[in-house]
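K.L.:
What follows is a single structure, and I will ask about it in a moment.
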Amino acid sequence: MTSGKASPDTESGSARSMAWGPRLGWDRGALARRVSGLPKPVKWALIGLLVVLLYALPLLEIPIISTPDTDFGAVLFTVASYVLVALGLNIVLGYAGLLDLGYVGFYAIGAYTVAVLGSLQAQWSWWLLIPLAVLFTTISGVLLGAPTLRVRGDYLAIVTLGFGEIIRLTALNTEWLGAAKGITGVPRPPSVELFELPHLQWEGATAFLDLDDKTTFLFFGVADQAPYYWLALTVIFVILGADRMLRLSRIGRAWEATREDEDAAELMGVPTFKFKLLAFASGAFIGGLSGALFASRQGFINPESFQLLLSILFVAAVVVGGAGNRWGVILGAIVVAYLPERFRGFEEWRLLVFGAALLVLANFRPQGLIPPRRTRRAQAVDEQLEALEEGADRA
Amino acid sequence: MSFLINNFVELTVTGLVLGAVYGLVALGYTLVYGVLQLINFAHSEVWMFGSFAAVWVTVAVGVAPGSALPVVIGVLLLALLAAMTVSGGVALLLERVAYRRLIRLDAPKLVALISAIGASFALAEIMGLRDRIVGWFGLRDDLDPYVRSARDNTRFRNPLETEGLFTVGGYTVTNVDVIIIVSAVVMMIALDQFIRRTRTGKGIRAVAQDSEAAALMGVNRNRIIRATFLVGGIMAGAAALLYLMRFGVTRWNAGFLLGVKAFTAAVLGGIGNVRGALLGGFVLGLAENYGSALIGSEWRDVVAFLLLVVILLFRPTGLLGESLGRARA
Amino acid sequence: MPEAPLAEQSAPRTGAALLELDDVSIQFGGLKALDGVSFAVREGEILGLIGPNGAGKTTCFNVMTGVYQPTSGQVRFAGEPLGRRKRFAITRLGIARTFQNIRLFGNMTALENVLVGADAHHRTNVIDALVRSPRHRREEREGEETAREVMRFLGLERRADELARNLSYGEQRRLEIARAMATKPRLLCLDEPAAGFNPAEKAQLMDLIRRIRDRGLTVLLIEHDMGLVMGVSDRVAVLEFGRKIAEGVPAEIRNDPAVIAAYLGTEVDEEGDL
Amino acid sequence: MRFSVKTGVPLLAAALALTACGGTTGGDDDNASGGGDAGSCEDIAIGYFGALTGAAANLGINIRNGVQLAVDQFNEENADCQVGLEEYDSAGDPNQATGLATQAIGDDSVIGIVGPAFSGESDTAGPIFAEGGLPTISASATNPALSTNGWDTFHRILGNDDSQGPAAATYISDVLQAPSVFVVDDASAYGAGLAEIVNESLADAVVGEDTIQTGQTDFSATITAIRDSGAEAVFFGGYYAEAGLLVQQMRGAGVDATFVVADGVKDPGFIEAAGDAAEGTIITCPCLPPEEQQEFFTAFEEAFGSAPATYSAEAYDAANVMLEGIKEGNTDRESLLEWINDYSGEGITKQVSFDESGEVENISVWAYKVENGEIVADQEIETD
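Chains as they are written, first to last, in the numbering used here: chain A, 442 to 836; chain B, 524 to 852; chain C, 4 to 277; chain D, 180 to 563.
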C-alpha cells in the first residue's frame, strides 16, 4: 500500500492534482494502464488500431480466434449483444449492487417491441422502433423497480426472476404477441450499400484476399452477419462512453455509495431509492436496446429465445468478469458467449465444461477476471503520488 | 369460477401435495440462507440426485407393484434411505467444492451464487450424460437399466399402488396424497424440534443469529455449516421420494424448475424460517392450482410469481418473517 | 498544540435555537426509548448530549436525522418542523452526522467519500453527466474544491486517493467528519467521535471540535467520555432512561444531584470528572 | 491483452503485405471447386441441421441417426463416391441457428441439408438457406406456415399440422366415436398449432381445453379439469416428455379417457415415462408403420443399438432423396435443388414427391396404438 509516500509540500500537491482535472474514479483496464506510460500520439494510435482491429474482425477471420464450426460474424454479433447486456447489467449489479435475475425480461421487451410493432401488428419504421423499444423497456424498468426496489436485496433476486418469467410466459400465451409460433419478418436495419469489402482467407499463417467472399458495406441482409456486428459494436462504443460519463459523475458515486452502505448514503444526502431506480432504468434501457438489435438481426423471435437460463448467463458474465468494472464485464460476456461457440467440439459436454469452468473461476478468481478497480487502484495511487512528488520537488 | 368451487377439494388436496414437496425442498434453501445468507442455487441438483437414487433402488430391487404390504414398505424405506443418503452426500460435496473456499475467503455473496450456478450446471449435466460417463469405464451395458435414455424421463417403479381411501367433496383422497402431506408435516415438526432442542440445532441457530458471537461461544462454525447442508440435503432426499410417489418421473434437468419454485416458496414463507418454508410451499401449491383453475394452466407460473411480488410488497420479510436465528426458529 | 482537556471553555454563545426537540417521545413496542424529551441546540454552540448506556442518546440522533419518526412531539430545525421528511432531505436541510460504529464507503477512496457528501446539494442529472453540461462541470469542480478543502481542514489531504477502508482508525473517524462537513451542514452531529481514542487523540479531537465550531457550525456531540464532553461543550444535556434529567453549562451539570445519581455506581470513564 | 497487441500488430501487417502481392491468384485457386463438375463426387457433403445437445437433443439425434444410416449405406455401396455428413448442432435454438446456417451456406462442399429439425429454428435459418440456394428437406418441422414464406429451397418430407390435425380429429370422431373430447396443448408452436386444428375440426365435441407448459411436471389442475368435463377422449398436442407424465398422472387420478396424441409422442421415451399408463394410447403419425420398413428397422437397430424413433425414418428418406440425386450427378446446389423439386420415388415412409411450395404430396396418416408396451400400427386414417 501507499503508506509513507506523502509528498512534502501538501498544499501545492493537492492544488496540482486539482488542476489536473477529474481523476476521480480511476477505472482503466490493465491494458490502458500499461499504455498510459506511452506518449500521447502513440497511445491514440494504439487505441485507434485496436478499434480498427475490432471492426475488422469478421473480415480477418483470424484462424485461432475464428470459430471453425459456425459463422464467425454471427458469433461476433452474439458476443457483442452479450457485451451490451453485460454493460447494462453491470450498472444494476456492479454499480448499484442490485441482484437482478430477470434481466432477460428487458431484453425480451426490447425485442418484442421491434417485432410486434414492426411486423406482427404494424409495420413501423426501424428508426422509430428502436427508440420505442428503448422507451418501453426503460418504462418497464421503472414500473418494475418502483414497487420492488423497496424489497430487500436477496428478495429482489427472486422478484426479478419472477418478472423475467412473467414476461416470457405472457409472450408465450398471448396470441397478440405471436404466442409460441413467434414472430417472423422482424424489420432489419435499413441498408446503405456503399462498397464491398473482401474477407481474408488463411492457409496456415499466411492470408489471402478471398474475392468471392465479400461483405457489402452497409447491407443488412439475411446471410452476412458482419454489418450487424458493426452496428452492435458501434452501439457498444456509445454505451461505453455514456457509462464512463455517468461513472465519473455524481450519479456514479451515488450508485457506489448506495451499494456500499445504503443507510449511510441516505444520511449523506443521497436519495438512494431514486438512484436505485435510475440504475434499474439505465440497465433496462441498455437491455432493451440489446434485445431490439437482437430481434432485428434475427428476423425472427419466439419466447424460447428468452429463457430464464439466459438471465443466469448474463449474471454469470458480469460476475465472472468482475462486477463493477466495465472492462471486466466485457471480458466476462466474451467468456460466456464466445467460448461455447468456439469450442463446439465438446458437443454434449459443453454445458458440463461450462458449469465446471464457472465453478473454478468463482473459486479461484472470486474477484472476477478483471477485478473492479479496488486492488488495482492502490498501484495507480502509488504511481500518481510519485508523479506528484516529482512535480512538487521541481516546483 | 364455478369450476373452482365444484372441484375445490380436489384442487386443494392436489395443491397441498405439490406444496408439501415444494416445502421440503424449500427447507434446503431456507436453512442455508439462514446460516450463510446465500442462495444455494445448486440445491435443486441435490434433490435431483436423491430422486435418481430412489429410482435406482427400486430398479435394483425389482419389486413388482401389488406386492405384500411389508415388502412395499420395506422397499419404500430403502428408497427413502438411499435418496436421503445420496442427497445428503451431494449436499456435503457441494459445500466442500462450491462453498467452503469462498466462505473461508469471505468472498462476496454473488461469487458464491455463481459458484453454485456452475455446480448446478455441472451436476445436472453429469446426470444427463451418465450413460457416456459409465461408457468410459466400459460399464455401459452392465449398468444399462440405470443409465438408459439418460436425457429422457426416467420412471419410478412405484411399489405402492395408488388407492382411494375416502371421498370428500367429489374427490377420492388417495393413500399417496395422505402419505405425502402427513410425511411433510411430520418431517417439518421433527426438523423444528431438532433445531430447537439438539446441540447441533442450537448451534445452527446461534450461527444464523450472529456467526462471530457463536464462534466466540465455542460453536464450530464450519461444522455447523456442514450440518446445515447435510440436513437440507436429507430433507431434499425425502422430498425426492415423495415427489416420485406422486409424479412418477424424474429427469436430469427436472431440478431447475422445481428449485425455482421451492426457492419462491422459501421466500414466500420468510427465508430462513423453517416453518415458513412449509407454509410457503403450501401457499404456493394452492395458489398454482387455484390460479390454474381460474384462468388456465398456462398462467400458473405467472400467478405464482405475482403472488410472491404482492406478498413481498405487503410483508417484506415473507409470511412468517425471517427468523432462523430467533428462538421461534 | 491542543489545549488541556479542562481548560476554561468559552462562554456559552447564545444564538437562536437551531434545532429544537419539543416533547419528543418514541416508542418501540412496549419500550419507551424517548419520553417527552425537549431541548434546543443553539446556533453556534457545542452541545454535549450525555447519559448512561441505553439512555436514548443515539435514538435522539436518529429522530433528528429522520431515521425514526417520533411517536409524538416535534423536531424543528431553524424553526421549521422536520415532519416526515426523508433522511436525505433532512441532510440537505443542514443536519449532518457521523456514526458510532464507523460507516464509511469502504471501497471508495477517501476523496470520493467526501465527494458523496458534497454531492448532497448537487443537481446534476443523467443528461448533464452524459453531455458534460456546464452545470455538471461546475458542480464537479465545486465539489472537488469543497472536498479537498474539508479534507485539508481535517488533515486528510494526503490520503485523498486511498481507499477508505485502508485508512487508519483515527483517519477513518476524521474522514467521517469530513464527509459530513462536505454536505455543508449548519448542525453537525457527532456520535461518539472519541470511541477508541487514546488521551492524546482525544485532546486533538477536542481541538478539532472547537475549530469546527469556529468555522460557524453548530455541533451536537454524543460522547461517553466525560472529560471530553465537559471540556469542549458549551452546554450539556443529560438523558437517562429516555428522559432529560438535566441541562446546563458543564459546571452546573457536574454538580447536579440528579446527574450524579444517574452516574452513581456506573463506571465513569478514565478521566473520572464526576 | 498485452500479448495480443504486441504480436497482433506484426501479424496483421504481414497479412496485409501478403494480400497485396498474392491476393487475386489466391482467390482464384481457392474457389475452383465452387463451379462444380457434374458427376464428380469429390468433397461433397450433406448436412444435418438441428439439435444434438440441449433439451431437444433426443429428437435431433433420432433424425441425425436416420441421416447417418442413409449416408453410411450410400458410401458403402458407392466406393467411388464418398459423401460426407456435416452436423450443425443448433440445440434447437433459433439464435444459434443463424450462425450455423450462415456457416453452412459458406461451406461450398455442403450441397443439401436435412433439417432444420424444429419450426422455430427453421424460421431463422430458412431465409439464409434460401439466400444461399442450399436445398433443405426437413424431416420434422411441421408448422404449416413454413412453406408459405417463399423460400424456394424449402422442402419437408412429412405432413404438416394441417394434414395431421384433421386426421387425428377424424380418428377421434369416426373410430373412437367419442362424443366429448378434452384438448390439451403444451404451448409450443407444434403442440398449440396441432391442438388448434383438432379443436376446429371437432368443434362441438370439444368440452374443454387447457394449456400446459413444456417442462411442467405437475398436471393436477389440468387433470381436475379433464375429470370435471367428463370427456371420453383427451387429445394432447405436444411432445412425449410431457405426454408421458400427463397420461401417467391421469391414470393415477383415475381418469380413463382415451388418450390421443400425435407424432411428437411416437417415441420409446413415451412408454418409458408412462409405463403401464401408456397402454391404449392412440398416436397419429403421417408415417408408415415399421412393418413396412423392416429392412430399415433392422439396419438402424444394428447401427445404433436402439430402435428407430420419431422421425428417424423420415430423415432416412430425406437423406436418400439427396443421395440419389448426388449419384445421378447433381453435385452442386442448383442441380440438386432441381433434382429434389422434380423428385418422385418410393421412400420407406411414403411415396415421395414435393409440390410447388415444398410440401410432400401423398400424405398418409396412420393411427398407432400402444399395446403391451409397444407402439403398433392400428390403421390408416382416411381423411376427406
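Backbone N, C-alpha and C fix where the C-beta goes; we use that ideal spot for every residue, glycine too. Predicted model only: the values in this text are computed from it and were never measured.
1) For ALA255(C), list the residues DSSP reports as bridge partners.
2) Which value, in whole angstroms, describes the spacing of the CA atoms of ARG469(A) and ILE775(A)?
3) So ALA427(A) packs on ALA521(A), CB below 8 Å; how close in whole Å?
4) Mind listing, in chain order, the continuous alpha helix (DSSP H) runs of no fewer than 4 residues lying wholly within the region 37-125 of chain C?
5) Would you mind working out which of PRO682(B), LEU830(B), TRP822(B) and LEU817(B) sits nearest GLY585(B), comparing C-alpha positions?
6) Residue ranges of each alpha helix (DSSP H) run of no fewer than 4 residues wholly in the region 268-315 of chain D, ordered along the chain?
7) Using a threshold of 8 Å, state whether the C-beta atoms of LEU118(C) and ARG783(A) are closer than that.
8) Quick one: is TRP568(A) buried, meaning 16 or more other Cβ sit within 10 Å of its Cβ, or exposed?
9) Chain D partners of VAL772(B), CB-CB under 8 Å?
10) Within this structure, are the beta carbons of ASN274(D) and THR519(A) separated by less than 8 Å?
11) For ALA648(A), which residues in the same chain have their Cβ closer than 6 Å to its Cβ, ignoring the five residues on either side in sequence?
12) If contact means a Cβ-Cβ distance below 8 Å, which residues of the region 690-706 of chain A contact chain B?
13) Leaving aside the five residues before and after PRO465(D) along the sequence, list all residues of the same chain whose C-beta is less than 6 Å from its C-beta, in chain order.
14) Does the region 26-46 of chain C come close enough to the region 162-179 of chain C that 3 or more CB-CB pairs lie under 8 Å?
15) Which class does ALA774(A) belong to by DSSP, given the choice of helix, strand or coil?
16) Check this for me: beta carbons of GLY773(A) and GLY763(A), under 8 Å apart or not?
17) Need the endpoints of the alpha helix (DSSP H) that ILE242(D) sits in, please.
18) Look up SER523(D) in the DSSP assignment and say whether it is helix, strand or coil.
19) At what residues does the beta strand (DSSP E) containing ARG182(C) begin and finish?
20) Under a CB-based cut-off of 8 Å, is THR581(B) close to chain D?
21) Measuring straight from C-alpha to C-alpha, what distance separates ASP259(D) and SER288(D)?
22) Taking THR510(D) and ILE223(D) to be in contact with their CB atoms under 8 Å, please state how far apart those CB atoms are, rounded to whole angstroms.
23) To test your reading of the DSSP string, which unbroken alpha helix (DSSP H) runs of 4 or more residues are found completely within the region 133-170 of chain C?
24) I want to see whether chain C comes within less than 8 Å of PRO712(A), judged by CB atoms only; does it?
25) Which one of ARG88(C), GLN175(C) and ASP210(C) has the shortest CA to CA distance from PRO712(A)?
26) Using a cut-off of 8 Å between C-beta atoms, extract the partners of LEU534(B) located in chain D.
27) When the Cα atoms are used, what is the spatial distance from PHE911(B) to VAL582(B)?
28) Since PRO588(A) meets chain F, which of its residues come closer than 7 Å, beta carbon to beta carbon?
29) How would you label ASN551(D), buried or exposed, when you count the other beta carbons within 10 angstroms and need 16 or more for buried?
30) I'd like to know whether the C-beta of ASP468(A) is nearer than 8 Å to at least one C-beta of chain C.
31) Give me the subset of the region 174-205 of chain C whose CB atoms are less than 8 Å from a CB atom of chain A, sorted by chain position.
32) At least one CB of chain B closer than 8 Å to the CB of GLY603(A): is that the case?
33) Under three-state DSSP, which class holds ASP222(D)?
34) Under the three-state reduction of DSSP, which class applies to LEU662(B): helix, strand or coil?
35) What number of angstroms, rounded off, separates the C-alpha of SER752(A) from the C-alpha of GLY586(A)?
36) Can the beta-carbon of ALA420(D) be found less than 8 Å from the beta-carbon of ALA452(D)?
P.N.:
With the structure as the only source:
1) Checking the sequence shown, residue 255(C) turns out to be Glu, not Ala. None, per the DSSP bridge assignment.
2) With a pLDDT of only 44 at ARG469(A), under 50, the local geometry of the prediction cannot be trusted, and no value is derived from it.
3) There is simply no residue 427(A) to check, as chain A begins at 442 and stops at 836 in what is shown.
4) 60-67, 90-96 and 113-121
5) PRO682(B)
6) 273-285 and 298-311
7) no
8) exposed
9) THR396, GLY423, LEU424, GLN427 and ALA452
10) yes
11) LEU641
12) none
13) LEU337, GLY338, GLN343, ILE542 and VAL544
14) no
15) helix
16) yes
17) 236-256
18) strand
19) Not the beta strand (DSSP E): ARG182(C) falls in the alpha helix (DSSP H), residues 172-185.
20) no
21) 17 Å
22) 6 Å
23) 137-156
24) yes
25) ARG88(C)
26) SER399, ALA400 and THR403
27) The requested residue 911(B) is not part of the displayed model; chain B covers only 524 to 852.
28) Of the protein chains in this structure, namely A, B, C and D, none is chain F.
29) exposed
30) Unreliable positioning characterises ASP468(A) in this predicted model, as indicated by a pLDDT of 43, which lies under 50. A coordinate reading is not provided.
31) ARG182, ALA183 and THR186
32) yes
33) coil
34) coil
35) 17 Å
36) yes
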